[in-house]
Structure formats: C-alpha cells, structure tokens
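Numbering (the working numbering), first residue to last: 121 to 179.
Just so you know, even glycine gets a beta-carbon here, dropped at the ideal spot from N, CA and C.
These numbers come from a predicted model, not from an experiment.
Just below is one structure, and these are the notes that go with it.
See below:
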C-alpha cells in the first residue's frame, strides 16, 4: 500500500498524510503501526482459513 492508497483509506488527501509525517511524527507512526497490525491480522485470518481447509481435505 503506497501513501496515496493509505490517504484514500483514511479519507484524507496525500498532503495531509505528508504533513503528519513531518509535523506530527507520533501520529503518523501510530497510524502506520495500526495499518500494519490490521494488515497482519487479516493475513493471519486468511492463513488460518487456509490451514483449516487443508485439514478438512485430509479427513
């Protein structure tokens, strides 16, 4: 996900995101960390579903 995508996801323009990065680095880091956590949780959920589908096929 690039900064344009992130800004769109957050409902802000790219300039706002760049300003946060420069002028409010803690806010920017918190947002980026939250997005990474969300993405990783979705990936984990998909992996669990995949594992379950493999386990179901084995039986």
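Excluding the 5 residues preceding and the 5 following residue 122 in the sequence, name in chain order all residues of the same chain whose CB lies nearer than 6 Å to its CB.
-> No residues qualify anywhere along the chain.
Out of curiosity, what's the CA-to-CA distance linking residue 155 and residue 171?
-> Roughly 24 Å between the two C-alpha positions.
When the Cα atoms are used, what is the spatial distance from residue 159 to residue 176?
-> Cα to Cα, residue 159 sits roughly 26 Å from residue 176.
For residue 134, I'd like the list of residues in its chain whose CB is within less than 7 Å of its CB, leaving aside the five on either flank, ordered along the chain.
-> So the qualifying residues of the chain are 123, 124 and 127.
Looking only at its own chain, which residues have a Cβ that is under 7 Å from the Cβ of residue 140, when we skip the five neighbours before and after it?
-> Non-local C-beta neighbours of residue 140 in its own chain, meaning closer than 7 Å and more than five positions away in sequence, comprise 147 and 148, ordered along the chain.
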